[in-house]
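Just so we're aligned: 445 in the working numbering is position 146 of the sequence shown, and the numbers increase by one with no gaps anywhere.
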Amino acid sequence: MQIPSPVDRVNHPVFEEAGITCFMKREDQIHPIISGNKWRKLKYNVAHLKRVKKRGFITFGGAFSNHLAASAFAAKKEGLQMVAVVRGDEQRANATLNFVQSCGAEVKRVSRQEYAKKEDDDFLAMLRRQYPNLEIIPEGGANVYGVRGCTEILHEVTQPFDVVACPMGSATTFAGLVLSGKHDVEFMGFPAIKGGNYLSGVVDNFVAQARTKPWLPASFIAPQWQLQTDYHFGGFGKISPQLVAFMNTFWAETNIPLDPIYTAKMMYGLIDLAKRRKFKSGTRLLVLHTGGLQGIKGMNVRLRKKNLELVYEEAISAAFTYPHF
Ligand SMILES: *Cc1c(COP(=O)(O)O)cnc(C)c1O
């Protein structure tokens, strides 16, 4: 477990031409499995369920979910029981779910229709009756405990920065960054989904919730923030040959492996914005590598069917040799 996570300089020709200094907070290096923002989001969730004396937790995710992998590993490490409610019955086995099970988590597969009810009161009440000793953690650790963990990320950075960029799924991580008390910095979120504008309401909601919590200083001033909603590549989990080529080139140029769902789309967007001179010359950019590299192996299985491949699977695979216990 590597906390604080390192900060690396990103030397990229486009940034250099545009007069941008770029640093990357390598949350992917916190741990090969409990990587990136998933560790941050679990921290206060685990503390909470211990405080209320629950034996473990139920949580939710897709078949390749970084959150399920991280949660299962954390549960094993903390001696907690875990039930993973997994969407979709089409995906029988893959590296991520095998790992979740190898950590001792119970995998409960539900249909897409049933999964869609994961936030309904009836469905949650049924789960609570079935598992009275377990707490429920929402998909992606998307609650105010998750947000709190992410407020700590920027406090570890000693380099100066003007703009912070972060990919967005549930907006929990982004909300945590916005709430970290850096009011003179601009925050830029990159939704990994199509139609990501609604996430600004989610951020507002998290900020409002945080204002009721004792951990947020009363002096908190909300910073400037904006969403870049045009870099979803067709929708969540959609991967084009162009994106794969970008990732392989980025690896060749910087030696930094990106994940295809989140960080690659953000980096593509940032480089595109820099090419279009959307940043002032002299801007000091800080980008968050939120992790997700555990999914590369499974993703390559899918990509090879289309004659595509992320070339750095081998280079990063040593870190993912299970088990890690
Ligand atoms: C889960 C995840 C995200 C999304 O984080 P949110 O807090 O849900 O917005 C971003 N990047 C990676 C690699 C992830 O696994």
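Even glycine gets a Cβ: it sits at the ideal position worked out from N, Cα and C. A quick note: this is a predicted structure, and the numbers were derived from the prediction, not measured.
Round the Cβ separation of alanine 383 and threonine 358 to the nearest angstrom and send it over; I've been treating them as touching at under 8 Å.
On the sequence shown, position 84 is the one that residue 383 refers to. On the sequence shown, position 59 is the one that residue 358 refers to. Confirmed, about 6 Å.
Using a 10 Å radius around the Cβ and a threshold of 16 neighbouring Cβ atoms, would you call histidine 454 buried or exposed?
Within the sequence shown, the letter at position 155 stands for residue 454. Looking at its Cβ environment, which holds fewer than 16 other Cβ atoms inside 10 Å, histidine 454 is exposed.
Identify every residue that forms a DSSP beta bridge with threonine 320.
As a working note, residue 320 is residue 21 in the sequence shown. Answer by DSSP bridge pairing, in chain order: Arg583.
Quick one: give me the first and last residue of the alpha helix (DSSP H) that threonine 511 is part of.
As a position in the sequence shown, residue 511 is number 212, starting the count at 1. Here threonine 511 belongs to no alpha helix (DSSP H), and DSSP marks it neither H nor E.
Can we count lysine 407 as close to ligand 1, meaning its CB is less than 8 Å from some heavy atom?
As a working note, residue 407 is residue 108 in the sequence shown. Outside the cutoff, so no.
Who are the Cβ neighbours of leucine 585 in its own chain at under 6 Å, not counting the five residues just before and after it?
For the purposes of this step, residue 585 is taken as residue 286 along the sequence shown, with counting starting at 1. Phe322, Phe460 and Val463.
What three-state label does DSSP hand valine 351 in the structure shown?
By one-based count along the sequence shown, residue 351 stands at place 52. Correct three-state label for valine 351: coil.
When we look at the beta-carbon of aspartate 419 and count the other beta-carbons within 10 Å, is it buried (16 or more) or exposed?
The residue you call residue 419 lines up with position 120 of the sequence shown. Its Cβ having fewer than 16 others within 10 Å, aspartate 419 is exposed.
When you compare the segment 475-483 with the segment 516-536, are there three or more beta-carbon pairs, one atom per stretch, that lie closer than 8 Å?
Segments in contact, yes.
Please indicate yes or no: does the CB of glycine 440 lie closer than 8 Å to some heavy atom of ligand 1?
Here residue 440 corresponds to residue number 141 of the sequence shown, with the count starting at 1. Yes.
Report the partner residues of leucine 526 according to the DSSP bridge assignment.
Here residue 526 refers to the residue found at position 227 of the sequence shown. According to DSSP, leucine 526 bridges with Gly488.
With a cut-off of 8 Å on the beta carbons, I'd call phenylalanine 489 and glycine 590 a contact; round off their distance for me.
For the purposes of this step, residue 489 is taken as the residue at position 190 of the sequence shown. For the purposes of this step, residue 590 is taken as the residue at position 291 of the sequence shown. The pair is not a contact, with the Cβ atoms about 15 Å apart (cut-off 8 Å).
Please determine whether the Cβ atom of proline 466 lies at a distance below 8 Å from any heavy atom of ligand 1.
Taking the sequence shown and counting its residues from 1, one reaches residue 466 at position 167. True, at least one ligand heavy atom lies under 8 Å from that Cβ.
Rounding to the nearest angstrom, what Cα-Cα distance links threonine 320 and proline 312 in this structure?
One-based indexing of the sequence shown puts residue 320 at position 21. One-based indexing of the sequence shown puts residue 312 at position 13. Those two C-alpha atoms are separated by around 11 Å.
Using only CA atoms, which one of Pro437, Ser401 and Ile560 lies nearest to lysine 417?
In the sequence shown, the residue the question calls residue 417 occupies position 118. For lysine 417, the nearest C-alpha among the options comes from Pro437.
In the DSSP assignment, the alpha helix (DSSP H) including isoleucine 435 goes from what residue to what residue?
As a working note, residue 435 is residue 136 in the sequence shown. Per DSSP, isoleucine 435 belongs to no alpha helix (DSSP H); it is in the beta strand (DSSP E), 433-435.
Given the structure, does histidine 366 come close to ligand 1, in the sense that its CB is under 8 Å from one of the ligand's heavy atoms?
The residue you call residue 366 lines up with position 67 of the sequence shown. Yes - ligand 1 has a heavy atom lying nearer than 8 Å to the Cβ of histidine 366.
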